[in-house]
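>
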Amino acid sequence: PRFLPRGVQLVIAICETLILEYLALKKDTAFTAESVWRGLLGVEEKVGRATVYRALDRLVEAGTILKIPSGDGNRALYRYMGEAALPSSGRMVCLDCGRAFPLECSHLEELTRHIQSDHQFEVDTRHTVLYGHCCDCGK
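Right under this line is the structure:
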């Protein structure tokens, strides 16, 4: 953000790079912010916890990583999106394993038309996220 001093912005940018590298190495795993911070301590001892949280927020905002709310509302999980970072449609996200699947369904267009006509609300399907449980997690 523009209101942060330039030095702080630089630290966050470096932290973002470290986070992306860390998550990309373990791209099939979702992590809490705390576990990302602890994982980075092995690489860069001077990374502050608050800096990791700010960097995660910026990466989520940029669409580079996905923030997955926990089922109990306590701690979110973060997952590297890689090639799936910019879907043409929304995504379905498993609350257990954190995997993201493209939301490609012929009924989605019908649903968005219904919402627009009956509820006067235009859905941006590129940003639509459905949370649930994938078939591999079996809930």
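Take the sequence shown: its position 101, counting from 1, is numbered 131 in the working numbering, and each next residue is one higher. Quick reminder that beta carbons are idealized off the backbone N, C-alpha and C, glycines included. Computed from a predicted structure; not experimentally measured.
1. Short of 8 Å in beta carbon distance, which residues of its chain neighbour Leu160, apart from the five on each side in sequence? Order them along the chain.
2. Taking the beta carbon of Leu86 as the centre, do at least 16 other beta carbons fall within 10 Å, making it buried, or is it exposed?
3. Measuring alpha carbon to alpha carbon, tell me which of Glu91, Gln150, Thr142 and Arg129 ends up nearest His163.
4. Quick check on this structure: which residue in Arg88, Glu64 and Ala63 has the alpha carbon closest to the alpha carbon of Ile44?
5. Return the CA-CA distance between Trp67 and Leu53, expressed in angstroms with no decimal places.
6. Taking its Cβ as the centre, do 16 or more other Cβ atoms sit within 10 Å of Phe61, making it buried, or is it exposed?
7. Within a Cβ cutoff of 6 Å, which residues of the same chain sit near Tyr110, ignoring the five residues on either side of it in sequence?
8. Taking the straight line between their C-alpha atoms, what separation do you get for Asp148 and Ala106?
9. For my contact list, Asp166 and Cys127 are in at a C-beta cut-off of 8 Å; report their separation, rounded to the angstrom.
10. Which runs of the alpha helix (DSSP H) at least 4 residues long sit entirely within the segment 111-152? Give them in chain order.
11. Am I right that Tyr108 and Ala80 are in contact with their C-beta atoms under 8 Å? What's the rounded C-beta distance?
12. Could you give the first and the last residue of the continuous alpha helix (DSSP H) run that contains Val82?
13. DSSP puts Tyr108 in a beta bridge; with which residues?
Short version:
1. For Leu160, where only same-chain residues beyond five positions count, the Cβ hits under 8 Å are Gly120, Arg121, Met122, Val123 and Leu133.
2. When all chains shown are included, Leu86 counts as buried.
3. When only C-alpha atoms are compared, the closest one is Arg129.
4. Of the candidates Arg88, Glu64 and Ala63, the one whose C-alpha sits nearest the C-alpha of Ile44 is Arg88.
5. If you draw a straight line from the Cα of Trp67 to the Cα of Leu53, it is about 11 Å long.
6. It is buried - the Cβ of Phe61 has at least 16 other Cβ atoms within 10 Å.
7. Contacts found: Leu53, Ala54, Lys57 and Ile95.
8. Straight-line spacing of the CA atoms in Asp148 and Ala106 works out to 33 Å.
9. Confirmed, Cβ separation roughly 7 Å.
10. If one requires a minimum length of 4 residues, the alpha helix (DSSP H) runs lying completely within the segment 111-152 are 136-149, in chain order.
11. Contact doesn't hold; Cβ gap of about 16 Å is too wide.
12. Looking at the DSSP string, the run of the alpha helix (DSSP H) that includes Val82 is Arg79 to Ala92.
13. Per DSSP, Phe61 and Lys97.
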